[in-house]
Amino acid sequence: METTIIEKHGKQINSKKKKKWSERPTKTDIFIAIVMLLVIIVTLYPFLHVLAISLNNAVDTARGGLTIYPREFTLMNYREIFSGNNNWVIAFRNSILRTAIGTLTATFTCAVLAYILSRKNYVFRRPLGIILVLTMYVSGGLVPTYLVIRNVGLMNSFAVYIIPALLNAFNVIVIRSFIDGLPDALEESARIDGANDITIFLKIIMPLCMPVLATVALFTAVGQWNNWFDTYLYAGSNVNLTTLQYELMQILGNAQSMTSSQVQQLNQTQGSIIRTTPESIKMAATIIVTLPIVVVYPFLQKYFVSGLTLGAVKS
22 METTIIEKHG KQINSKKKKK WSERPTKTDI FIAIVMLLVI IVTLYPFLHV LAISLNNAVD
82 TARGGLTIYP REFTLMNYRE IFSGNNNWVI AFRNSILRTA IGTLTATFTC AVLAYILSRK
142 NYVFRRPLGI ILVLTMYVSG GLVPTYLVIR NVGLMNSFAV YIIPALLNAF NVIVIRSFID
202 GLPDALEESA RIDGANDITI FLKIIMPLCM PVLATVALFT AVGQWNNWFD TYLYAGSNVN
262 LTTLQYELMQ ILGNAQSMTS SQVQQLNQTQ GSIIRTTPES IKMAATIIVT LPIVVVYPFL
322 QKYFVSGLTL GAVKS
């Protein structure tokens, strides 16, 4: 009897699907499709345009014209970057290290603080929560932050990339809201079995918080990878601490300050009339820096929505 009902329901569902697909699209459907197509074009065009210029001949790029593909393919712009700057290997290493270490430590630290603030019997839960929220509206300022980092001895050290970024108020609030939505019965049963707070946090809370922790880790990793200002302020004089974003900013600054006569003189001294232009160098450097994020992001984008929405649901 159940099989018949299921088969009937299945036939009904299939017939509804066929009927739905056989219907002609309405004006609303066509309008939405056109709008979404325009959004896709507007979103993809800048990336394709930058990639085309980075792979295009400098002379052809100087002629102008909008394009999404290289009219005269060449890798000279990338060769010019790597041959003229020996810091790219060091910068790439430092960017990977600061992203990996900074993401792991910051995510774990935020999770620990979020777990502490989620404890209903914690005496300082409300005062610490208020202080945490206030930091989102009132910052310490650039000069006081610089003085603190200098006085504690973090200048020109790799720790300046990790320690100041250990806590983020927004990430703590997101993780805390997720923990508040977990059933209290899990913790109560664990305490009956003799588990303490450390065991509950590591073996129960952390595994259940993996979706929101992945979201926070993704936010933190993108922030660490794209940050160049801390290198400029605290480690700019140390070549061994340079990062990809800092090298990109230097290339962009040098390219913008060069005049056309300087570019032509530089190219002539290198044995060619025109090999590169500031515009092509900027585009090639931009592709080098953004390529890792573009490759990794599609595999992790689901955590942006799933982690945040799960943190907002309370049982």
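Counting with the working numbering, you get residues 22 to 336 for the letters of the sequence shown.
Even for Gly, the Cβ is constructed at its ideal location relative to N, Cα and C.
Note that the structure is predicted; figures quoted are calculated from it, not measured.
{"Item": "Close Cβ partners of T88 (< 6 Å) along its chain, the five nearest in sequence each way excluded", "Value": "A73"}
{"Item": "Among G150, L125, G123 and T124, the one whose alpha carbon lies nearest that of Y136", "Value": "G150"}
{"Item": "Cross-strand partners of F94 (DSSP beta bridge)", "Value": "N77"}
{"Item": "Euclidean distance between Cα positions of K224 and C131", "Value": "17 Å"}
{"Item": "Cα-Cα separation, I171 to S258", "Value": "The sequence given here places Arg at residue 171; Ile does not occur at that position. Distance between the alpha carbons of R171 and S258 is about 14 Å."}
{"Item": "contact_flag[the stretch 138-154, the stretch 241-259] where n(CB pairs < 8 Å) is 3 or more", "Value": "no"}
{"Item": "Simplified DSSP state of C230, which is helix, strand or coil", "Value": "coil"}
{"Item": "G244 beta carbon less than 7 Å from that of I183", "Value": "no"}
{"Item": "Euclidean distance between Cα positions of A211 and I221", "Value": "7 Å"}
{"Item": "Contacts around F320, its chain only, beta-carbon distance under 7 Å, and the 5 residues preceding and following it disregarded", "Value": "none"}
{"Item": "Integer-rounded CB distance, given that I302 should sit under 8 Å from N115", "Value": "Rounded, the Cβ-Cβ distance is 22 Å, inconsistent with contact."}
{"Item": "Cβ pair N108, T264 closer than 7 Å", "Value": "no"}
{"Item": "Assumed close pair W249, M270 - CB separation to whole angstroms, cut-off 8 Å", "Value": "5 Å"}
{"Item": "Beta-carbon contacts of T311 that lie in its chain and below 8 Å, excluding the five residues immediately before and after", "Value": "none"}
{"Item": "Straight-line gap, F94 to D81 (C-alpha atoms, nearest Å)", "Value": "10 Å"}
{"Item": "T128 versus R146: straight-line alpha-carbon distance, rounded", "Value": "20 Å"}
{"Item": "With 16 other Cβ atoms within 10 Å as the buried cut-off, status of V316", "Value": "exposed"}
{"Item": "L153 beta carbon less than 7 Å from that of A190", "Value": "yes"}
{"Item": "When V233, D251 and Y267 are compared against Q16, the one with the closest alpha-carbon", "Value": "It is not possible to answer for residue 16, since the shown part of the chain is limited to 22 through 336."}
{"Item": "Where the alpha helix (DSSP H) through M176 begins and ends", "Value": "From DSSP, M176 is part of no alpha helix (DSSP H); its letter is neither H nor E."}
{"Item": "Same chain, Cβ closer than 7 Å to L58, neighbours up to 5 away in sequence not counted", "Value": "none"}
{"Item": "Length of the line joining the Cα atoms of N192 and V237", "Value": "6 Å"}
{"Item": "Cβ-Cβ distance between S75 and A305 below 7 Å", "Value": "yes"}
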